[in-house]
Structure formats: C-alpha cells, structure tokens
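Chemist:
There are 4 protein chains.
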Amino acid sequence: MASDRPPLAEQTESAPMRLGVLTGGGDCPGLNAVIRAVVRREIKDYGGEVFGFHDGWRGVIENRGEELSVLRLRGTLPRGGTILGTSRETPYMVEGGCERVAETMADRELDGLIVIGGEGTLSCARSINDEGFAKVVGVPKTIDNDIGGTERTFGFDTAVSIATEAIDRLHTTAESHDRIMVVEVMGRHVGHIATWAGLAGGATMTLIPEQPFDIVEVCDALAKRHAAGKYASIVVVAEGALPIPGTLEVSEPAVDRYGHKVLGGIAHVVAGEIEQRTGFETRVTILGHTQRGGTPTAFDRVLCTRFGVGAVDAAHSGNFGHMVAINANQISSIPLADAVGEGLKFVPEQLWETANVFFP
Amino acid sequence: MASDRPPLAEQTESAPMRLGVLTGGGDCPGLNAVIRAVVRREIKDYGGEVFGFHDGWRGVIENRGEELSVLRLRGTLPRGGTILGTSRETPYMVEGGCERVAETMADRELDGLIVIGGEGTLSCARSINDEGFAKVVGVPKTIDNDIGGTERTFGFDTAVSIATEAIDRLHTTAESHDRIMVVEVMGRHVGHIATWAGLAGGATMTLIPEQPFDIVEVCDALAKRHAAGKYASIVVVAEGALPIPGTLEVSEPAVDRYGHKVLGGIAHVVAGEIEQRTGFETRVTILGHTQRGGTPTAFDRVLCTRFGVGAVDAAHSGNFGHMVAINANQISSIPLADAVGEGLKFVPEQLWETANVFFP
Amino acid sequence: MASDRPPLAEQTESAPMRLGVLTGGGDCPGLNAVIRAVVRREIKDYGGEVFGFHDGWRGVIENRGEELSVLRLRGTLPRGGTILGTSRETPYMVEGGCERVAETMADRELDGLIVIGGEGTLSCARSINDEGFAKVVGVPKTIDNDIGGTERTFGFDTAVSIATEAIDRLHTTAESHDRIMVVEVMGRHVGHIATWAGLAGGATMTLIPEQPFDIVEVCDALAKRHAAGKYASIVVVAEGALPIPGTLEVSEPAVDRYGHKVLGGIAHVVAGEIEQRTGFETRVTILGHTQRGGTPTAFDRVLCTRFGVGAVDAAHSGNFGHMVAINANQISSIPLADAVGEGLKFVPEQLWETANVFFP
Amino acid sequence: MASDRPPLAEQTESAPMRLGVLTGGGDCPGLNAVIRAVVRREIKDYGGEVFGFHDGWRGVIENRGEELSVLRLRGTLPRGGTILGTSRETPYMVEGGCERVAETMADRELDGLIVIGGEGTLSCARSINDEGFAKVVGVPKTIDNDIGGTERTFGFDTAVSIATEAIDRLHTTAESHDRIMVVEVMGRHVGHIATWAGLAGGATMTLIPEQPFDIVEVCDALAKRHAAGKYASIVVVAEGALPIPGTLEVSEPAVDRYGHKVLGGIAHVVAGEIEQRTGFETRVTILGHTQRGGTPTAFDRVLCTRFGVGAVDAAHSGNFGHMVAINANQISSIPLADAVGEGLKFVPEQLWETANVFFP
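Chains as they are written, first to last, in this note's numbering: chain A, 34 to 393; chain B, 34 to 393; chain C, 34 to 393; chain D, 34 to 393.
Dropping the structure here:
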C-alpha cells in the first residue's frame, strides 16, 4: 500500500491536463492496454481528462472520437485490437491535414496528444510536433521491435510467443517423417521475430533480412545434417529474408498462374529449392496475421501499462516531442528524433551469434 | 478405488497375449497416448507383452522394432509425434510384403497387431486381416474425423482447437482494419475441421468440399455485410473446398512463376477473387502442419487412452478385423469393413445447418 | 453454401417468436456463446425478437433486462462470463415470485423463456413451466457434467482442459524432486472433472465422490510405487471426494486457527495423511474458480452454439418443458423431467474402469 | 548465415574445455534449455566435453552423472523439469562434502563447473569457488527474480505468465457474481511475481512482502469500490505478504483442526478478513507449484539459451567465480559476490508506483 504517499499533483506540482490519444498503423496486441493506462493515469492520478480519437490520425483530421473514462476501458486489458480503431492515414497525406490537426487540438482544448504507433506513425508524430501543429508524446508500437532508442516495443513478445508455439507443433510432425518444415514469420526489414522464435523454438536455421543467405549453403547444411542420421529440420524465414544477390531469383510479389499474388513468396521459393536440392519432403506454414492479433502476453501487458503511465508522465514533465522507452528495465522518455531518425534497429550481433550456435 | 474387483484375467478368463503395435500414415496428436494405453492395459492388466514396430507397416515388413514397457512410455502422454515413427508404406506396395508381415508375426510370436492409422492404413489393415496375414485390431486416427462407424477419431479435437485459436487472433486484426481474412485449414475431402473451427471461431463463412461454392455469391454476401456498417470478415476455407464447376478455374496444384508448387492454392485463389470483386483488403493465413503436431487436447488424450484400452480388450475378446470406435460416449469395436468400406464420413447435415445460421 | 434452401419460416411454417433468455447459477465458460446463438437463430432465421433478462431469475422477477440484437452479441463468442449477469435466486425463494414471472412474461409479450442453467436453475425452470407461469426451454450448463439425459453439458470440456494443463505443469515439478502433488479440482457430488483430468493428465490416482477411498490403501499404493524406483506421483482429488466411513475423520469445512474456513479441506487432509504415512514431501494445488472462468474451448463453443440454435428450434416446435441435449452427436430436446428429476449423472463405469488401468 | 566467420577457437584462442554442469534447488522452467545451450556451445563451438551431474550438488559429492552429447539434449528445449535431476543438498551440509567436490572435479578431469541454481545454490557455488574446491560459473535460476546483478532470472517470465492466465480466468467469474477473488502466488520474500501478474492481470490490489499492508485499509478500499457500482475485485497476494505488525495476527504455518499444515496461510487469512469486513463473498485460488513447472515461455527459452552460451564463454574467458547476467539486453558475467552477497533484489520503486496507479 502506498497509502501515505502525497497526492500525485502535490508530488509533481503538475496541473491536470486534457490529453488526446490515438492508435495508428497496423494491429498490434496491447493497444488497449496502453490506452487503459493513459486514461487511468491522467484521470485518476492527475485529475485530468482524455479524449480518444477514432481511426488513428484520420480521427484527428476529421475531429472524430469520444471522451474516455475509466469505466469505458474496463475489461480491455487482455483484449486484442484497439477500441479506438486505427488507420494508415497521416496528416501529410491529406490536403491541409496538418492544419486540421492543429484546429482539432484547439477545438477539443487538448494540452497534448499521445500517439501510439510504429515507425510511420511516429515519424509523422515527430514532424507534427516539431512543426508546431500539436504537442505530441509517442509510444513505440510494433511487433517487429525495430524502433531505435528502446530495448523493446510492445507486441513483439506476443508475436514471438505465437510463432514459437507454431514451431513447437511443427517439430513433432517433422520428426515423425524426416521432413523439412519452412515457417514464414513477419519481418519485412528486420529479423527480430525470426531470430527470437528460431531460438525459442529450436529451429535448425533462421533466415533474416540482415544476413543475406546463400541457398546452396542452406541446402548443403540441411543435407549433411539429415545424412548424419534420422533428423527433421525446421527453417524459420522472415518474410523479408533475402538471398545473396545473384544466387537465387526472387521477384516480389510472386503470383500464381491465375495472376493472384502469392503470400509467402520467399517461403515458397526457399521450400521449393530445398525440396529440389535435398530431395526431402518440404512443407510450408505461413503464420500471417495471427502474429498481430489476439490477447497480449503477460510481458507485453506489463510493458504497455508502463508505457501508458510513462507517456502521461512525460506530458506532465513537458517532454513533448519525446517517445517513451524502456531500457535496463526503467521507463524513460527520449526525443522522437533519436528513435525514428536513425533508421531501423537491427538484430544485435551478440544475439545473432547465439542463434548461430544452433545452426548445423 | 476399485480395490475389491477381481483381477482382470479372472473377470475375462483371457490368457495374456503378446501384441504388436504400429502407427501409420501422417502425424497426429495423441499417437503416444494410444500406445501408452495399449502397453499399460496388456502388460499391467492382462500380464502380457507388447512389441512396438518402427515406422509403421515398414517396420513389420522389415521386422524392426522394440519391446515396449510401462517405463518406456513414461512421460509420453502429452507428447506429440510417435515414439515408434511412422511411414506411408503398406505391405501391398512391396513385393512379397504381405508374406513378410505373416513371417514377422510368427517370428515375434505375436497373437495380434494393433494398427493405429487413418483411412489408408486401416484399409490395408482390413485386407491383411481378411487375407489371413495377421490378426488385426484398428484404432481410427485422423485429424480429419472422416472415418465412418465412430463419432470421433483422435487428433480432430486438437486440430480444431489450434485452428480456432488462430481465428481468434485474426478477429482483432480484421476488426481494426475493416478487412477480410482468409484462413486455410486442413481437409482435402471433408470439411469437419473447417466447419467446427468456423463455428468455434465465429467465422463469417466457411467453404468445405461437401458444399461447392459460388464465388460470386460469396463475394456478394461479404460485400453486402460490409456495406451494412464497419465490419470485418473471416472466411475459413478447407484445403479441398471446391468451386461449383464452371464458376471459377482452379488447377491443382498452383505453381508460382518459378514453377514451385504453391501451398494454399485454394486460399490464394479465393482471397484474390474476394479482394478483386469486393475491393476490401484481403489477407491469407495457412496453418499447414501446425494442425497435426504438438500436444493433444485433454479431450483427445482421454479418447486416445480409451481407444488404446479398448483395442487391447477387443483383441482379448477375439474381435480381430475390428476397429475401436466411440459412439454415445461408449467405447466398442466394429468391423473394419463398416468403417473403411463405406467411403468417407461427411459433415452431418444438422451441423452444417447450424453453421449456416451464422453466415451472412 | 446453402443458398438454395427455402427460408426457414417456410420450411418450418413457424411464425416469428418473442423469446426471453436468462443465465442462472454459477459462472461457466460458454454462456455468451449460447446467448449469441439464441439471438442469431431467432432474429435472423425466424424473424423474431429476443429479450435478455439480467441476473438470472431475479431479472424476470423484477422485470429487468434489455432487448438483444445481433450487434449486441458481436465479439462475445470467445468471452467468459455472461453479458446478462447471473444470480442464484429463484422465483420460489421470493414471496409471489412465480406470479411475478408470469406477469413479466405477459408484460414483455414473450412467447417463451430460454433458461440457461445447472441443476438448480433447471429444476426451477421445470416447475415454472409445469405450473404454467412461463413456457420454458432449458439449456444444460454445468462444468460438472452431472445433468442427466445429455452426454455433455457445456463448460465441462473447458474445466477439464484447465485442470489438465495444471497437472501437466505439476508433473515436471514432481519429477524433479520425487514428490507427491495433490491437486484439488471441482466436483462436490460427482467426479467427472477429476476422472477426465486425471486420465488426460496422467495422474497416478484419482479420488472421486462416487468411489469412497481408503486412505491406507492410497498411501500403500503410493509408497509401493515410489519404493520401486525414483518416481513422482500426482493425486487428483475432487472437492467432494469422501473417505470410506470410519477410515478418516473429515469435517467440512475445515477452519484454520483463526477460525477462517479453509478451502481445499479434503486436499489438505489427504495431503497431510500422505506426507505423514509415506514420508514423501507432499504439496497442494487448489485450482478453485479458475476452472469456471475465461474463454471456452473450441469444443464447448461448438456445443454452446448448437445448444442455442437447438433451444430456439425446440421453442418453435412447441417443445416447452424440454431441455436441449446432445447424444450421439445429435442435438435434440428431452423433457426437463427426464434430465433433472432423476438425480445426478455419475461417472460411467466403463470410464472409471479405464481410469483404474492407470492406478498403481 | 555467418559462414565466413573464423572458427570460434581461432577467434578466442581458447582451448577446448571439459566442463561439469549441475542443476540445484527447486524446479524451474528452462533448466533443460540452459543445459542444452551449454552442451551445444562447448561441444560444437569449442570442441570440448560436458559432464552432467545428477541431483545437483549431491551428484558432485557422490561423483554420479553422465557424459552429455548434443543428441542427449534433443527435444529438451521446451520441456519442463531437468534431465539431470536436482536436490537441495550442498557440500556444506555433508561431512567432508567440499573435499569430495574437489576429488570429483579431479577424478572427472573437469576444467570448470557450471552451476544452475537460485540464491542457496549460488551462494554455495561462490564459497566452493572462493575456497578453491572447484572453478565455478553460476547461472541465475529462480522464478522469484530476486537475485541481484541481473535484470532477469529465468523461470520468472513463465511463472508470471501462468499466474496471469489464472487471473484472466478469475475475472469473468468474479464479474458474473460481484465477488472478491483472492489468488495466492509464489514469493516468500519478494513480490516480483505478484506485482507483474497483478499488473498483467488487471488485479484490483496486490499485496507483497516489501510493502506491509493494513487489512482495514484493504477492506475499506474494496468496500468503497464495490459501493460505487457493480464491481468485482481480484486481490493478488504473494505467499510472503505481511500485515503491518500489530494489525492482524498471522502465525505461519496455519494448521487445520486435524493438525495438518494449511497451504495458503496468508490467502486464507486475507480472504476471511475481507469476507467478514466487507460482506462480499470471497473465494481463494492457490496456484502452488503449477507456477514452477511445465514448458517455459518463448522469452524464458531465449534467456536460458543465452545464459547457457554465456556461461561457457565466461569459463573460456577465465571468469570463474562469476555468474552470467542480462542487463540492457546484453549477456555478461559479474562476480558471484555482487549477485548473492547483497541480499535479495526487491520490486523496483518505479514498477510498484505503476502498480499503485491501478489500485482503488
């Protein structure tokens, strides 16, 4: 019990605020958990108010949304999706969009805007803030974990967890038949999910965008391993995994004979090459959007809750133009410029070396 | 405690037996649970012995395997795969295969053979038994639930459960974006998994082999539904779902531009058509072999255990040429001829009508 | 697609109805799934209306509730709890309660009332129907699976599944330490959950109300087993498990030294005796209400959905005073008198014998 | 692919080693994952050997164990428990124990010993190393996360995850009945599990050892909350939670009227007081050893794998007397003295303040 601590307002000498909040970009487990924490922190601890915009930046541009209350958020902590809706629209895509953001902020009498989103949404947030259209605090959301300045983004632990469960299930199937399973996970530009899920699932090999692969080497390693006894192999492939230029032709997107785009372009190509070169039956699983949906893991819920509380605290500390971050198990805020200006965060070398320990 | 019941041998006046056991065909959750129950029942209750053949019928043909003990099976109840290995080979594929089965049975001094497998494995079991090469009791294994004479086969509940979890996760992603998700589940010839998972997951529509679909109707229904408000849709497609002849060209298997076979032929085709005809973003998930692997559900473990005990009891009752079955919550044995001679078991009409209640 | 079937009203020549629905008694996974199916079937297929009473029978007595729509039920299929609330109150507990039920039915112009509940709620439903206060169709809800006339009640599969997961986790802990784990599961009067979870989890022994136990025999069996090598044991105890009279004093409820009621009376007593008599470290887990909450399994969701559709169909067939039931995989309706008049449904002998195969 | 990096021996100029490994203390998810990584790293990358001692320190004292190979560890990554067995015995408990450790190290020709354990096991490891009986590298194992010098210990994420799932399930049960649920989680001396699971599960209040509670305040807060509308409450209690001295008499352990120790002493006392003081029905769940067993989460598997690789690297760098640690997402090694000499690691203030945001 912290019953004898002074009221927060007294501690912080911070007046109540009226904050807006939006969720932008793709779906991600834990969005509601962040919103809930924002609402709880501002309303209960600072005595302020929170307005939720609908459908991401679009709701700000069109001045659409709802007043949020503690009650409105009840029961949402474990729920996937976002009660506010989302979109990929940004004010810069719309004629006069930025001005309308400023108008909405004034009309709704908002002191600041908490923007929950990934690379695209936060880059926009940074510009909107720097150009003075709204005072913004960012919250880094992406299952890809590729935003700089923070050890973790929320959604990542859940995505890894889902991919790992799938790999667990594939193991026994592979083992019973001396087979190769190719499983494609998300990660267009970075291999965090693939690397973690590969390590956690005990994958034979993992192919990620940061480390272009040579299909001949991959097949040789698999063949040698199977030759050494009755084995089964699981190859985890990030959707953005790339062959070393010139070693394997891949055009994106692949299309089938009816001209339909083929999901899992790279997984199909890799699986086809493996089957042809090694002679082992090879099967493909494509987890697709199951990695982005549903209830967040306990880890992600705690992270989201801390991020939500931290974002409100950042606003009350005047740290606009910042993004909340977690480093060394402490929540802090860092300039958005440091997070989204530096390019994507890649799989750290130490982790990739550890992954290599388990390759054939 | 049933401490005062007489010993089973006394109850049944059945002498100890020496039984063989094999697992054939594709992987399926619960194989080890059946083997464990067979071993426990025969060794502990009847005082007999059990020999486990490796790699399905191949192990019988090649006279390969191991003596099984209660200890050997410890810890295997929840484990996916099969400790005995499996294969798709049958004695009829091999020159002199049936005779070799008879020789192995004699050489190992086996009184009977418990064959755990699907349609193919059991059809073979029936012939082997009827032609006198070995005395056989079958155990119906298939995640597809399409074997006649039994309400359930094992593996099915687990497959439905995995597919349902995936659909649950897709819902929130779909909802956040007003999108259509196409998820392909197993079922080449029957739609049991698709129908159950569709019902359990709250799918918008389900396409199964038994009910050829008209893609125009499907798209119209989806379009009308989305027009009526902000909605998301999930379409579950059995891998063997078929368009009404003449309405949509599908060639099997589809290949990509590199000539690689494309997994999820029908899901890709359906998704492509939906996106084109309705204009809604459509995404594909292909669960693949994750549906066949990993730990069985509690339901399947109980079913497997009852099947294993029942198979041994059938052997001791002289019911060779039979398959164990569950009907009205009672385990019994029925002639293999009634199970595999009658063609596949289709989705019952009452259940399909219930599924239709939830279509648009 | 069943696009060419005639409209249901035409098929059945049944006019639209206005139905009430309530959920009574303890919480149970799948309540919302039943309500959703009732609403969907009546509104979409028969063109009628559904009124949901709040807090079980209390809502009928007090004429409180809400009009239900397809939209109101969106997203509730996987959700635990009940959107209508529940209570243990019945009209017979309240002065003039039955008359008020009749008044509410008239006031709301309801043609029938769908009552989702366990033994108590359904017994009341039967009387209310037979005495003419309301026309009722029952839906059998109980995690205990102890209602007669139906192979399954909903909630049971979920409870078994949760208990099995817990047993799975206890195994590795027990194995690492040569220890005995006692896990108490629900089941005051019957041992269905204990028997199924014991079978599915690979329990060493299971104690259920239907089979009074002799603690000396239990301990001897455990001691003998551990003496035979390094083993660990898991004993599943239904909360209503009873010692053979005179063999072990148990008073219910146990209280601690502060006079507080002690949960897990029987588990503590059994564990204490085992530790004392065998000398092995013994630990207790009490799953409590975790068995009644949360998302239902895929199996239960399908069952609930079929029950909900079946209940509406029963009303339209004029089968009031009936309860929906599932037998041999077909939904039908049976007189409530056959279901709740005959006493509880006990663990079937065949299943209990199978459980015994795995005891020491 | 890191195919062009030089062999590790060349990179590190480190000769192959012969390492011992043991697992000590209580069970914990991820033990096998650490052993697997140790074996893989030493044998595959350094060309050395690994000997596994059975039953913790006892195996070293008695010179018992087995040579480990990559094959022996196959399939163990997801499995709970430890293939080596464990015990709570230390060399200091046995006459001449330390000398026997030295003899075993010499007899087995071991260059070092990797000790996987919690506070007790690692404190012993430190002394054994400092007194020259064996060269030791520690790996911090405890579900309680209370070891200093490392942000995380393995097993913690899994325990939090299990407790959170249980709380999720209790929510719907509580909500349907306007009830208070008390759930006891592990944590005798620290409240990490309780704090994290409380945050992740959306608990109403959390009671931990570090923050003595006033039962009157707890009850008042709950009563006020329920008075404000129809609510349900979940109170998470660490097993070592303590009342402010003088406010509530608790003697440990509680015993029932038969003299049996009562598990969940504090949960029963707290629940009893709440029910009596608030009048709301209160129910208890005790998760017990389910928190320590079963398959580790993906997070814990990655952590274990990194720890195992890091421990071998520490030995090859000559960092004996160290423990591997993770800080700021980097694996390093720190002196055991810094980890186990400083007392337990408590719940950080920032996290506890965040938890308080959600209390009434």
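Heads up, the beta-carbon is just placed ideally off N, CA and C, and yes, glycines get one too.
Since we're looking at a predicted model, the values are computed, not measured.
Return helix, strand or coil for A331/B, following the three-state DSSP convention.
Modeler: Against the second sequence, residue 331/B aligns to sequence position 298. It is helical.
Chemist: Just tell me which of E82/C, T115/C and T119/C has its CA closest to the CA of E142/C.
Modeler: Indexing the third sequence from 1 puts residue 142/C at position 109. Residue E82/C is the option with its Cα nearest to E142/C.
Chemist: Show which residues of chain A have a CB atom less than 8 Å away from the CB atom of I147/B.
Modeler: On the second sequence, residue 147/B is found 114 positions in, with the first residue counted as 1. In chain order: nothing, as chain A lies at least about 18 Å away.
Chemist: With a threshold of 6 Å on Cβ separation, who are the neighbours of N178/C within its own chain once the five nearest residues in sequence on each side are excluded?
Modeler: Taking the first residue of the third sequence as 1, we reach residue 178/C at position 145. These residues qualify, in order along the chain: T186, F189 and H225.
Chemist: Mapping the DSSP letters down to three states, classify A348/C as helix, strand or coil.
Modeler: Within the third sequence, numbered from 1, the residue matching residue 348/C stands at position 315. Note: A348/C maps to helix in three-state DSSP.
Chemist: Alpha carbon to alpha carbon, how far is F166/B from M126/B?
Modeler: For the purposes of this step, residue 166/B is taken as residue 133 along the second sequence, with counting starting at 1. For the purposes of this step, residue 126/B is taken as residue 93 along the second sequence, with counting starting at 1. So the alpha carbons of these two residues sit roughly 15 Å apart.
Chemist: Against chain B, does N362/C count as a neighbour if the rule is that its beta carbon must be under 9 Å from one of theirs?
Modeler: Within the third sequence, numbered from 1, the residue matching residue 362/C stands at position 329. It does; some Cβ of chain B falls within 9 Å.
Chemist: Would you mind working out which of P111/B, F84/B, I200/B and G153/B sits nearest I319/B, comparing C-alpha positions?
Modeler: Numbered from its first residue, the second sequence carries residue 319/B at position 286. Taking only the C-alpha atoms, the option nearest I319/B is I200/B.
Chemist: Residue range of the beta strand (DSSP E) that T239/B falls in?
Modeler: Along the second sequence, read from residue 1 onward, the residue named residue 239/B stands at position 206. Looking at the DSSP string, the run of the beta strand (DSSP E) that includes T239/B is M238 to L240.
Chemist: Exposed or buried, which one is P111/B when buried takes at least 16 other CB atoms within 10 Å?
Modeler: Residue 111/B sits at position 78 when you count from the first residue of the second sequence. Counting Cβ neighbours within 10 Å, P111/B comes out buried, since at least 16 surround it.
Chemist: Rounded to whole angstroms, what's the CA-CA distance from G273/B to E386/A? Just pull it up for me.
Modeler: What you label residue 273/B is simply residue 240 of the second sequence in a count that begins at 1. What you label residue 386/A is simply residue 353 of the first sequence in a count that begins at 1. Each residue's alpha carbon lies about 43 Å from the other.
Chemist: When you compare the CB of A207/C with every CB in chain D, is at least one pair closer than 9 Å?
Modeler: The residue you call residue 207/C lines up with position 174 of the third sequence. Judged by the 9 Å Cβ criterion, A207/C is in contact with chain D.
Chemist: To the nearest angstrom, report how far apart P62/A and D333/A are at their CA atoms.
Modeler: By 1-based counting over the first sequence, the position of residue 62/A is 29. By 1-based counting over the first sequence, the position of residue 333/A is 300. In a straight line, the C-alpha of P62/A is about 8 Å away from that of D333/A.
Chemist: Quick check on F379/D - is its C-beta less than 9 Å from some C-beta in chain A?
Modeler: The residue given as residue 379/D occupies position 346 in the fourth sequence. So, not an interface residue.
Chemist: Using a threshold of 9 Å, state whether the C-beta atoms of V390/A and D78/D are closer than that.
Modeler: The residue labelled residue 390/A in the question sits at position 357 within the first sequence. The residue labelled residue 78/D in the question sits at position 45 within the fourth sequence. It is a contact, given that the beta carbons lie within the stated cut-off.
Chemist: From G171/A to P49/A, what does the alpha carbon distance come to, in whole angstroms?
Modeler: Taking the first sequence and counting its residues from 1, one reaches residue 171/A at position 138. Taking the first sequence and counting its residues from 1, one reaches residue 49/A at position 16. Computed Cα separation, rounded: 19 Å.
Chemist: At the 9 Å Cβ level, is F187/D part of the contact set with chain A, yes or no?
Modeler: Here residue 187/D refers to the residue found at position 154 when the fourth sequence is read from its first residue. No, F187/D lies away from the interface with chain A (no Cβ there is under 9 Å from its Cβ).
Chemist: Over what stretch of residues does the alpha helix (DSSP H) that includes Q309/A continue unbroken?
Modeler: By 1-based counting over the first sequence, the position of residue 309/A is 276. Where Q309/A is concerned, the enclosing alpha helix (DSSP H) stretches over G298 to T311.
Chemist: Would P124/B and A254/B qualify as a contact pair, given that the criterion is a beta-carbon distance under 9 Å?
Modeler: The residue you call residue 124/B lines up with position 91 of the second sequence. The residue you call residue 254/B lines up with position 221 of the second sequence. No, Cβ-Cβ distance for P124/B and A254/B is not below 9 Å.
Chemist: Tell me the DSSP bridge mates of H355/A?
Modeler: On the first sequence, residue 355/A is found 322 positions in, with the first residue counted as 1. BP columns for H355/A point to V170/A and P368/A.
Chemist: Let me confirm a value: I103/B is counted as buried when at least 16 other C-beta atoms fall within 10 Å, else exposed. Which label applies?
Modeler: By 1-based counting over the second sequence, the position of residue 103/B is 70. For the sequence presented, residue 103/B should be read as Val rather than Ile. By the neighbour-count rule (16 or more Cβ atoms within 10 Å), V103/B is not buried but exposed.
Chemist: Taking the alpha-carbon positions, what's the T239/B to E184/C distance?
Modeler: As a working note, residue 239/B is residue 206 in the second sequence. As a working note, residue 184/C is residue 151 in the third sequence. Whole-angstrom Cα-Cα distance: 27 Å.
Chemist: Could you compute how far the alpha carbon of A287/B sits from the alpha carbon of A256/B?
Modeler: Walking along the second sequence from the start, residue 287/B turns up at place 254. Walking along the second sequence from the start, residue 256/B turns up at place 223. Reliability of the predicted coordinates at A287/B is poor, the pLDDT of 49 falling under 50, and the value obtained from them is presented with this limitation in mind. Rounded to the nearest angstrom, the two C-alpha atoms are 27 Å apart.
Chemist: Using the C-alpha atoms, what's the distance from F86/B back to I149/B?
Modeler: By one-based count along the second sequence, residue 149/B stands at place 116. By one-based count along the second sequence, residue 86/B stands at place 53. Spanning the two alpha carbons is a distance of roughly 11 Å.
Chemist: Please check the pair G58/A and T115/A, which I expect to be a contact at CB under 8 Å, by giving their CB distance rounded to whole angstroms.
Modeler: As a working mapping, residue 58/A is identified with position 25 in the first sequence. As a working mapping, residue 115/A is identified with position 82 in the first sequence. That pair is no contact at about 10 Å.
Chemist: How would you list, in chain order, the residues of chain A whose beta-carbon sits under 8 Å from the beta-carbon of E184/D?
Modeler: Working through the fourth sequence from its first residue, we reach residue 184/D at position 151. Here the neighbours are A361 and N362.
Chemist: Does any residue of chain D have a CB that is nearer than 9 Å to the CB of F332/A?
Modeler: Your numbering for residue 332/A matches position 299 in the first sequence. Cβ-Cβ to chain D under 9 Å: yes for F332/A.
Chemist: Which residue spans inside the segment 45 to 128 of chain A form an unbroken beta strand (DSSP E) run of at least 3?
Modeler: Runs found: 51 to 56, 82 to 86 and 98 to 101.
Chemist: Taking all protein chains shown into account, decide if H278/A is buried (16 or more other Cβ within 10 angstroms of its Cβ) or exposed.
Modeler: By one-based count along the first sequence, residue 278/A stands at place 245. Before going further, note that residue 278/A is Pro rather than His in the sequence given. It is exposed - the Cβ of P278/A has fewer than 16 other Cβ atoms within 10 Å.
Chemist: Just to make sure I have the definition right: I need the residues of chain D whose C-beta is within less than 9 Å of the C-beta of H204/C. Which are they?
Modeler: As a working mapping, residue 204/C is identified with position 171 in the third sequence. Within 9 Å Cβ-Cβ: G113, G114, G326 and G327.
Chemist: Alpha carbon to alpha carbon, how far is P276/A from E122/B? Give it in angstroms, no decimals.
Modeler: Working through the second sequence from its first residue, we reach residue 122/B at position 89. Working through the first sequence from its first residue, we reach residue 276/A at position 243. Their Cα atoms are separated by approximately 37 Å.
Chemist: Anything in chain B within Cβ reach of T338/C, meaning under 7 Å, just list it in chain order.
Modeler: Within the third sequence, the letter at position 305 stands for residue 338/C. Result: L232 and T387.
Chemist: When we look at the beta-carbon of G374/A and count the other beta-carbons within 10 Å, is it buried (16 or more) or exposed?
Modeler: Here residue 374/A refers to the residue found at position 341 of the first sequence. With fewer than 16 other Cβ atoms within 10 Å, it is exposed.
Chemist: Under 9 Å between the Cβ atoms of R202/A and G113/B?
Modeler: Position 169 of the first sequence, counted from the first residue, corresponds to residue 202/A. Position 80 of the second sequence, counted from the first residue, corresponds to residue 113/B. Yes, they are a contact pair.
Chemist: Using a Cβ-Cβ distance cut-off of 9 Å, determine whether A70/A contacts chain D.
Modeler: Walking along the first sequence from the start, residue 70/A turns up at place 37. For A70/A, the answer is yes, since a Cβ of chain D falls inside 9 Å of its Cβ.
Chemist: Tell me whether G262/B is buried or exposed, calling it buried when 16 or more other Cβ atoms sit within 10 Å of its Cβ.
Modeler: On the second sequence, residue 262/B is found 229 positions in, with the first residue counted as 1. By the 10 Å Cβ count, G262/B comes out exposed.
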